[in-house]
Amino acid sequence: MPGFKRVLLLLCLLSVCSRGQGIRIPPRYTLREEWKQPPIITEQAPENYTVFPTDDIVLKCEAKGLPAPEYRWTRDGTVYDPSLDPRAAMNASSGTIVIATTGNGVSIRNYRGVYRCYASNEYGTAISSKINLITESTPKWRKEHVRKFVKEAGESLVLRCNSPSSMASSMILWRTSKLSDLQVSDRVSQGLDGNLYFSNLLVEDSLEDYTCYASFTDTRTIIQKEPIALQVTTS
Ligand SMILES: *[C@@H]1O[C@H](CO)[C@@H](O)[C@H](O)[C@H]1NC(C)=O
Ligand SMILES: *[C@@H]1O[C@H](CO)[C@@H](O)[C@H](O)[C@H]1NC(C)=O
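This note's numbering runs 1152 ahead of the 1-based position in the sequence shown.
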């Protein structure tokens, strides 16, 4: 019967069609690949990590991997187990260790050393770079004599920051209580040496408190210099 043949042909086409739609990469295969991920370190403390007595110590170590990596640390080549130190705690979701030293009467010097973080799962172990924990007393500015400048309008002037030296890297900022952000212009600029340069003083530059701040990037420590007053006069 021709009608019967037509139905067969239609069924056949449908089955080819549906088989065509069914061609896919089995999802199980791609999933299995995703499950297998050896650890990679994604964040760690800086190579030279300087801390001051006013800081807690944060030995950062984060890694990704599947299954989630487990962490361990060494200090100067031997196992460092934070669970043996009542002041130290490892973050539950990463390998970061926070050592609460401030207000504990504990010297940060006890924690000097070269640290290394290991993140492992069944597919491998990632090792952080060496983290050299350096301790310093909090930097202080030397006393300076000049606290006030009196200048003529149109003169130039350099306000020196002379930030104290430290192993820790810092950012220098100048502020006044009136100007939270000293606008850099063709007249006023901050040099790479941290000094503030005025090329052509105006009367409105007269302020009581030009203050240099050093913000230490590895820590939350910001120190400030004694303010410098500036009075610009016209003759
Ligand atoms: C870390 O300190 C050492 C010794 O002072 C120095 O040689 C090295 O360049 C420093 N590394 C970085 C990244 O600053
Ligand atoms: C652990 O680390 C995460 C990510 O850095 C942070 O959000 C969380 O507050 C930390 N937990 C503890 C208990 O410190």
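We put the CB at the ideal spot given by N, CA and C, even for glycine.
Quick one: what's got a C-beta closer than 7 Å to residue i's C-beta in the same chain, skipping five residues either side?
i     : result
P1238 : none
L1311 : N1347, L1348, Y1362, I1380
K1330 : L1359
M1319 : N1200, T1202, I1286, E1288
Can you list, in chain order, the residues of its chain whose CB lies under 8 Å from that of residue i, leaving out five sequence neighbours each side?
i     : result
K1292 : P1316, I1375
Closer than 7 Å to a non-hydrogen atom of ligand 1 - does that hold for the CB of residue i?
i     : result
N1200 : yes
To which residues of the same chain is residue i closer than 6 Å at the C-beta, ignoring the five residues directly before and after it?
i     : result
R1227 : G1265, Y1267
N1284 : N1200, V1266
P1219 : N1273
R1339 : S1351, N1352
R1224 : Y1270
T1328 : L1359, D1361, Y1362
T1369 : S1321
L1334 : W1326
Going by C-alpha distance, which of the options is nearest residue i?
i     : options                    : result
E1296 : T1385, Q1196, E1378        : E1378
D1345 : Y1275, A1366, K1188, N1262 : A1366
E1195 : N1314, C1269, T1373, F1204 : C1269
L1309 : A1271, S1322, P1221, S1341 : S1341
T1290 : L1325, E1222, T1371        : T1371
N1262 : L1334, F1204, Y1275, F1301 : F1204
G1217 : E1356, T1254, P1190        : P1190
K1300 : M1319, Q1383, A1240        : Q1383
A1197 : T1206, K1188, W1187, A1215 : A1215
A1305 : K1188, L1354, I1192        : L1354
For the pair the segment 1355-1367 and the segment 1276-1283, tell me if three or more CB-CB distances fall below 8 Å. no
Segments assigned beta strand (DSSP E), at least 3 residues, entirely inside the segment 1323-1365: 1340-1342, 1348-1350
Which runs of the beta strand (DSSP E) spanning at least 3 residues fall entirely within the segment 1182-1257, listed in chain order? 1189-1196, 1200-1203, 1209-1211, 1213-1218, 1222-1227, 1230-1232, 1240-1242, 1249-1251
Pairs of beta-carbons, one from the segment 1245-1256 and one from the segment 1209-1229, closer than 8 Å: are there three or more? yes
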